[in-house]
Amino acid sequence: MLQVRVTLDPAAVVAPVSRRTFGSFVEHMGRCVYTGIYEPGHPLADEDGFRTDVLALTRELGVTTVRYPGGNFVSGYRWEDGVGPREHRPRRRDLAWHGIETNEVGIDEFARWAAKADVEIMYAVNLGTRGVQEALDVHEYCNQPAGTRLADLRRANGAEEPYGISMWCLGNELDGPWQIGHKSAREYGRLAAATARALRAAEPGLQLVACGSSGSGMPTFGAWEATVLEEAYDLVDYVSCHAYYEEHDGDLGSFLACATDMDHFVDSIVATADSVGARLRSRKKMQLSFDEWNVWYMSRFQARPTPTQWQVAAPVIEDEYNVADAVVVGNLLISLLRHSDRVTAACQAQLVNVIAPIRTEPGGPAWRQSIFHPFARTAALARGVVLRTTVDAPGYETSRYGEAPIVDAVATYDAATGALALFAVNRDQARPVELTVDLRAFGAPARPAGSWTLWDDDVRATNTRDRPDRVTLRPAEDVTVDGHTATLRLPPISWTAARLTTAPTG
Ligand code: AHR
Numbered sequence: 001m002l003q004v005r006v007t008l009d010p011a012a013v014v015a016p017v018s019r020r021t022f023g024s025f026v027e028h029m030g031r032c033v034y035t036g037i038y039e040p041g042h043p044l045a046d047e048d049g050f051r052t053d054v055l056a057l058t059r060e061l062g063v064t065t066v067r068y069p070g071g072n073f074v075s076g077y078r079w080e081d082g083v084g085p086r087e088h089r090p091r092r093r094d095l096a097w098h099g100i101e102t103n104e105v106g107i108d109e110f111a112r113w114a115a116k117a118d119v120e121i122m123y124a125v126n127l128g129t130r131g132v133q134e135a136l137d138v139h140e141y142c143n144q145p146a147g148t149r150l151a152d153l154r155r156a157n158g159a160e161e162p163y164g165i166s167m168w169c170l171g172n173e174l175d176g177p178w179q180i181g182h183k184s185a186r187e188y189g190r191l192a193a194a195t196a197r198a199l200r201a202a203e204p205g206l207q208l209v210a211c212g213s214s215g216s217g218m219p220t221f222g223a224w225e226a227t228v229l230e231e232a233y234d235l236v237d238y239v240s241c242h243a244y245y246e247e248h249d250g251d252l253g254s255f256l257a258c259a260t261d262m263d264h265f266v267d268s269i270v271a272t273a274d275s276v277g278a279r280l281r282s283r284k285k286m287q288l289s290f291d292e293w294n295v296w297y298m299s300r301f302q303a304r305p306t307p308t309q310w311q312v313a314a315p316v317i318e319d320e321y322n323v324a325d326a327v328v329v330g331n332l333l334i335s336l337l338r339h340s341d342r343v344t345a346a347c348q349a350q351l352v353n354v355i356a357p358i359r360t361e362p363g364g365p366a367w368r369q370s371i372f373h374p375f376a377r378t379a380a381l382a383r384g385v386v387l388r389t390t391v392d393a394p395g396y397e398t399s400r401y402g403e404a405p406i407v408d409a410v411a412t413y414d415a416a417t418g419a420l421a422l423f424a425v426n427r428d429q430a431r432p433v434e435l436t437v438d439l440r441a442f443g444a445p446a447r448p449a450g451s452w453t454l455w456d457d458d459v460r461a462t463n464t465r466d467r468p469d470r471v472t473l474r475p476a477e478d479v480t481v482d483g484h485t486a487t488l489r490l491p492p493i494s495w496t497a498a499r500l501t502t503a504p505t506g
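So in the numbering used here, spot 66 of the sequence shown is number 66, and the numbers just go up one at a time.
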């Protein structure tokens, strides 16, 4: 058995755990909204047409923030189409995904859903086909209390109280040539700055997100962020990051190591933002909003022709996730937590049906995909502060990312309760790992308080409508705590979470 050592110290703090790390994303795309969160006529739909089974799973997932309404969709979206009496709402072409948008759900419905799901809305404005005025208009509709045309329109539409949305994304992926209204970095940077200035004039305390690159493989990666931030550094709080990973040509070793790429991505954007900040002589530290991340078998999607028939809620990218995908998702969350000093918001893309932890069948059941489990458990256990987690593990060679450690891990610690949570992955495909956790720095002896692991003899196993719990969490085997040393056994290709209690120090 491989031996790996982790050392933890309650004084070695990276940053507080940001609850916004556990965000998700609802785009008007495929069946995320229609027959995902919303399906009037479904036996489990509530009085507003929302599926209560999906609401319950959303709460169980532990989602904190939900980005809405896109994504590529937002770059051609007119928010006004989705408010007021439903019978007057237009049907429109959605050019991003080649669907028909019925506008049955708009911001008022989504705000009602968000209140029921107990999540914060992160609202994205259209800076593809639209600009400053429309961003101000949707802000006035959502956040202005009363006494102006659009605030009163919201009230007339049934929402007396403003929605108080504090986080606003200034467009989506405008570096991408596929994006409606695609722009150069300079054009976008100026538009983002003008929009931010106007929104701040309306409400100074907003938290604003400028678009970073749509992926680290973009030819303008890094240069895009530098130019955009030269224009908007003092006006925005966040720059966004987007990354999707998949297993290419059966190269499981590289796929299991893709969190090392996320680490590198974050470090690169932090360096880029800090260099712009230094040139501007700014003391502000730009935060990162990793507001699209997940496993997405994009190569399968790209291999398909663009649909020529315009349909309402046709299935799009409904990837079915296996055990390896779930281990990778757990590892990507480890990477995000590790960077909590700079990544203070993140959204797994997306929530339901579209590359999502929750799947539904129209008129039928909803179930948890394999990737649901590491997300839900991490969201439930990560509390207090993130600890700098020293992992002494052997490495292995990958063709995409070079050498990667066999084990990756991160820990959080809540000094008020003494709860320590350790999240770890074993990327080795054949050998289990004995993980020894050195807790001497905690003083008082620790006690085990629960452990969960996700692994399977069949790494390709998935959950389906008929076997919704084929892949689930199991109690971790062989967790022992002996005073100041915890020992865990990590099976090959596995994700594990362990909770320990120590004496509160806070
Ligand atoms: O999440 C799916 C799509 O991926 C989003 O619409 C877009 O922003 C990204 O390219």
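A virtual CB, placed ideally from N, CA and C, is assigned to each residue, including glycine.
In this text the structure is predicted, and so the values were computed from the model without any measurement.
{"Item": "Which residue wins for smallest C-alpha separation from Pro-374, given the options Asp-249, Leu-333, Arg-499 and Arg-470?", "Value": "Leu-333"}
{"Item": "Below 8 Å on the Cβ atoms is my contact criterion, and I expect Gly-189 with Glu-231 to pass it. Report the Cβ-Cβ distance as a whole number of Å.", "Value": "3 Å"}
{"Item": "How many angstroms separate the CA atom of Asn-353 from the CA atom of Cys-32?", "Value": "5 Å"}
{"Item": "Which residues does DSSP list as the beta-bridge partners of Gln-311?", "Value": "Gly-99"}
{"Item": "Could you check the C-alpha separation between Leu-153 and Tyr-163 for me, to the nearest Å?", "Value": "13 Å"}
{"Item": "Which runs of the beta strand (DSSP E) fall wholly inside the stretch 364-447 and span at least 3 residues, in chain order?", "Value": "366-368, 385-387, 390-392, 395-398, 402-405, 407-414, 419-426 and 433-438"}
{"Item": "Does DSSP put Asp-152 in a helix, in a strand, or in coil?", "Value": "helix"}
{"Item": "Spell out a yes or no on whether the stretch 247-267 and the stretch 192-203 are touching, meaning 3 or more CB-CB pairs, one atom from each, closer than 8 Å.", "Value": "no"}
{"Item": "Quick check on Arg-130: does DSSP put it in helix, strand or coil?", "Value": "coil"}
{"Item": "Within this structure, are the beta carbons of Asp-137 and Glu-80 separated by less than 9 Å?", "Value": "yes"}
{"Item": "DSSP three-state label for Glu-230, please.", "Value": "helix"}
{"Item": "If you measure between the beta carbons of Glu-434 and Thr-501, is that distance less than 9 Å?", "Value": "no"}
{"Item": "Measuring CB to CB, does Ile-180 end up less than 9 Å from Ala-96?", "Value": "yes"}
{"Item": "Count the other C-beta atoms from every protein chain shown that fall within 10 angstroms of the C-beta of His-88, then say buried if there are 16 or more, exposed otherwise.", "Value": "exposed"}
{"Item": "Nearest-angstrom Cα distance between Arg-59 and Asp-118?", "Value": "7 Å"}
{"Item": "What residue does the beta strand (DSSP E) around Gly-23 start on, and which one ends it?", "Value": "23-25"}
{"Item": "Can you tell me whether Tyr-141 is helix, strand or coil according to DSSP?", "Value": "helix"}
{"Item": "Does the beta-carbon of Gly-395 have 16 or more other beta-carbons within 10 angstroms, so that it is buried, or is it exposed?", "Value": "exposed"}
{"Item": "Could you tell me the alpha carbon to alpha carbon distance between Phe-301 and Val-295, rounded to whole angstroms?", "Value": "13 Å"}
{"Item": "Could you tell me whether any non-hydrogen atom of ligand 1 is closer than 8 Å to the CB of Trp-224?", "Value": "no"}
{"Item": "What number of angstroms, rounded off, separates the C-alpha of Ala-324 from the C-alpha of Ala-346?", "Value": "21 Å"}
{"Item": "Please list the terminal residues of the continuous beta strand (DSSP E) segment that includes Gln-207.", "Value": "207-210"}
{"Item": "Between Asn-72 and ligand 1, is there a pair consisting of the residue's CB and a ligand heavy atom that are separated by less than 8 Å?", "Value": "yes"}
{"Item": "What residue range does the beta strand (DSSP E) around Glu-47 cover?", "Value": "First-last for Glu-47: undefined, no H or E at that position."}
{"Item": "When DSSP builds the beta bridges, which residues end up paired with Ser-240?", "Value": "Ser-289"}
{"Item": "Consult DSSP for Trp-224 and reduce its assignment to one of helix, strand or coil.", "Value": "helix"}
{"Item": "Would you call the stretch 379-388 and the stretch 397-417 in contact, with 3 or more CB pairs under 8 Å?", "Value": "yes"}
{"Item": "What does a CB cutoff of less than 7 Å around Val-74 pick up in its chain, not counting 5 residues either side in sequence?", "Value": "Ala-124, Asn-126 and Asn-172"}
{"Item": "Starting from Arg-359, follow the beta strand (DSSP E) in both directions and report where the run begins and ends.", "Value": "358-360"}
{"Item": "Measure the C-alpha to C-alpha separation of Thr-496 and Ser-451 and round it to an integer number of angstroms.", "Value": "7 Å"}
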